[in-house]
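Report on the structure given below.
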Amino acid sequence: MSQYAERIRLKSLCEKVTTAEEAAKLVKNGNTVGMSGFTRAGEAKKVPLALTERARHEELKITLITGASLGNDMDGLMAESGLLARRIPYQSDAVLRKALNNGEVMYIDQHLSDTAEQLRAGSLPKVDVAIIEACAITENGGIVPTTSTGNSASFVEQADVVIIELNLAHPAALEGLHDIYLPTKRPNRAPIPLVNGQDRIGTPYIPVDPARIAAIVITDQEDSYSVVQPGDDETETIAGHLIAFLEMEVERGNLSSSLLPLQAGVGTIANAVMSGLKKSRFTGLTMYSEVLQDSTFELFDAGKMVGASGCSFTLSERMCHHVMANLDKYKDKLVLRPQEISNHPELIRRLGTISINTALEFDIYGNVNSTHVNGTHMMNGLGGSGDFTRNAHLAIYVTKSIAKGGAISSAVPMTPHVDHNEHDVDIIVTEQGLADLRGLAPRERAQLIIDKCVHPDFRPAMQDYFDRACANAGGQTPHLLEEALSWHLNVQKTGHMLGKR
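Going by the working numbering, 72 is the number at position 72 of the sequence shown; the sequence numbering is gapless.
What follows is the structure, encoded as structure tokens:
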């Protein structure tokens, strides 16, 4: 008991310590399970594995709701065992992705700010069991989360049965980082009292009646490390275009030298672009984001950033060890919130974030596809990009102009799936250049995107398509419907968007 006794400060709960196998028995066939975890951080480690083992030997299907993707291959293991009937709201696992695209697991892709709201409203099935990773349990039974907050507080609020995984691999010094606040019910909901990204408006733990804590499982396992790759010449060029644009906004008087709170989506390009700010002349930067990646702490260490609010850490192995060894250095600059608050449209609009997310592809009018290959096959999910895009002061999308060795253009005549429509997207940046779409009509947007963002190998064909669409089809948003998706069909037939072999 000495290993964990000091982490369980409500001593009566020590009698709830049990094995993962015993805790897993509390989950029944057909249950809705709310599990901690957001972008490979802070997920339960042992009980999900015990559930997968049960699913291999008995009829056990669950609806699984999380914050976002899970680490340690957990989504894939649960999918492979047949445990998952339905998955909400985000994933990034190759095995689960295959099951989703084969129709074996029903997947609901949601704006990450919406899940807790839909649970509260009864639009989603009530959470029966909450499985939450913690680094400590307070004197009143409060759950101190680890490296993510996600939807954990909402799951605990609803669940009849709460299972805690107390993970000793996470330092106890994480306590104090979290700010747990949930909106009240409608109608007559009070405004969320947050006017600065570093404000604290809640409690440093998840409140819960200790009587609903049914089991505590002791674990000692680290999160998965980020798989985000380091930047390259192209991402550095993208960062340069964006920094030059932001500097121009400062010169125009539209922004100060500290900009506005920054948000960066998960991914190599967005993270590399954020890292590029180290070389800029901006100072006093802040973040109001969902995931805090390596670039966040690089900017702290460079003296560029003074505060960051999010709901999860997603760090490389090197950066994770650095941050955890220096928590005292960062602690007063960080806040981890429930994703309902980190991604809340009202707060994003109030704070005026500068949103930087990655596009899978975009079309000539500024519609962005973040999720579906060829409009049909799910990659990861929408995540929180829509929460920020629709409400940010500046909604910026970054991507390289080509992929697959030049066979695929990230700019297409028409996206076969739209996650962020032209009304919400302000800026598109590739290594070719930056298109500021604000205040432009569709035909003006199209020409600017062609001129600034399309790779030279595809630019003549794109210009030809647009010219013929304007001349032959007309309309406010000209398209040749018989050709609009031809580039995607060409990839399927020949492996190249222009039909080259």
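We put the CB at the ideal spot given by N, CA and C, even for glycine.
Just the C-alpha distance for residue i and residue j, rounded to the nearest angstrom, thanks.
i              : j                 : result
alanine 134    : arginine 87       : 23 Å
threonine 219  : proline 207       : 22 Å
aspartate 75   : alanine 55        : 14 Å
glutamate 290  : leucine 112       : 10 Å
valine 105     : alanine 85        : 5 Å
leucine 489    : glycine 103       : 23 Å
glutamate 361  : cysteine 311      : 27 Å
tryptophan 487 : serine 81         : 38 Å
aspartate 114  : alanine 272       : 28 Å
alanine 79     : alanine 469       : 45 Å
valine 306     : arginine 337      : 18 Å
asparagine 367 : valine 95         : 29 Å
alanine 99     : isoleucine 62     : 15 Å
asparagine 343 : aspartate 160     : 26 Å
glutamine 263  : arginine 200      : 19 Å
glutamine 293  : phenylalanine 313 : 6 Å
isoleucine 163 : valine 47         : 9 Å
glutamate 15   : isoleucine 213    : 11 Å
serine 385     : glutamate 483     : 29 Å
alanine 5      : valine 144        : 15 Å
valine 398     : isoleucine 243    : 13 Å
cysteine 453   : isoleucine 428    : 7 Å
glutamine 476  : glutamate 175     : 55 Å
isoleucine 364 : alanine 211       : 57 Å
alanine 302    : alanine 190       : 39 Å
alanine 308    : leucine 334       : 5 Å
glycine 439    : methionine 274    : 26 Å
Please identify the residue among the options whose C-alpha is closest to the C-alpha of residue i.
i              : options                           : result
asparagine 29  : Arg9, Val398 and Glu58            : Glu58
proline 125    : Arg200, His322, Asp301 and Leu64  : Leu64
tyrosine 288   : Arg318, Ala214, Leu194 and Gly433 : Leu194
tyrosine 465   : His423, Val412 and Lys500         : Val412
leucine 394    : Asp233, Gly383, Arg349 and Ala359 : Arg349
glutamate 21   : Thr52, Ala41, Ile450 and Tyr225   : Thr52
proline 204    : Ser226, Leu177, Lys304 and Arg212 : Leu177
glycine 405    : Met497, Leu255 and Leu285         : Met497
leucine 315    : Val227, Ile243 and Arg390         : Val227
alanine 24     : Lys500, Ile216, Gly37 and Val323  : Ile216
glycine 42     : Leu49, Ile428, Cys14 and Asn72    : Asn72
serine 152     : Glu165, Gly141, Thr146 and Ile132 : Ile132
valine 127     : Tyr107, Glu117, Ala116 and Gln158 : Gln158
proline 416    : Leu485, Asp93 and His377          : Leu485
serine 69      : Ser92, Leu60, Leu49 and Leu83     : Ser92
valine 323     : Lys45, Ala173, Ala461 and Ala121  : Ala173
glutamine 492  : Val335, Arg186, Glu431 and Ala407 : Ala407
leucine 347    : Val156, Arg390, Gly381 and Ala471 : Arg390
serine 257     : Glu247, Ser410 and Thr147         : Glu247
glycine 142    : Tyr90, Asp209 and Arg120          : Asp209
asparagine 380 : Leu13, Arg40, Gln3 and Val27      : Arg40
arginine 120   : Leu448, Val156 and Asp233         : Val156
tyrosine 225   : Ile450, Ala239, Thr147 and Arg445 : Thr147
threonine 358  : Asn101, Gly267 and Ala435         : Gly267
Apply the 10 Å Cβ neighbour rule to residue i and answer buried if 16 or more other Cβ atoms are within range, or exposed otherwise.
i              : result
aspartate 109  : buried
aspartate 426  : buried
methionine 1   : Legend: pLDDT at methionine 1 = 49, less than 50; position of this residue unreliable, no value from coordinates given.
methionine 414 : buried
asparagine 188 : exposed
lysine 400     : buried
serine 280     : buried
glycine 67     : buried
proline 456    : exposed
asparagine 369 : buried
asparagine 196 : exposed
threonine 149  : buried
aspartate 387  : buried
arginine 97    : buried
aspartate 451  : exposed
- Does the segment 170 to 186 come close enough to the segment 19 to 36 to have 3 or more Cβ pairs within less than 8 Å? no
- Any chance you could list the alpha helix (DSSP H) runs of at least 4 consecutive residues sitting entirely within the segment 215 to 268, in chain order? 233 to 251
- Task: Quick one: which unbroken alpha helix (DSSP H) runs of 4-plus residues sit fully inside the segment 387 to 462? Chain order, please.
- Result: 442 to 452
- Message: Using a Cβ distance threshold of 8 Å, determine whether the segment 308 to 323 contacts the segment 153 to 172, with at least three qualifying pairs required.
- Response: no
- Message: Whether or not the segment 2 to 10 and the segment 137 to 149 are in contact is what I'm after, with contact meaning three or more pairs of Cβ atoms, one per stretch, closer than 8 Å; do they touch?
- Response: yes
- Task: Assess, as a yes-or-no matter, whether the segment 324 to 340 is touched by the segment 371 to 380 under the definition of 3 or more beta carbon pairs within less than 8 Å.
- Result: no
- Residue ranges of each beta strand (DSSP E) within the segment 287 to 363, 3 or longer: 305 to 310, 334 to 336, 354 to 358 and 361 to 363
- Query: Mind pulling the beta strand (DSSP E) runs of 3 or more residues that sit fully within the segment 93 to 164?
  - Reply: 129 to 134
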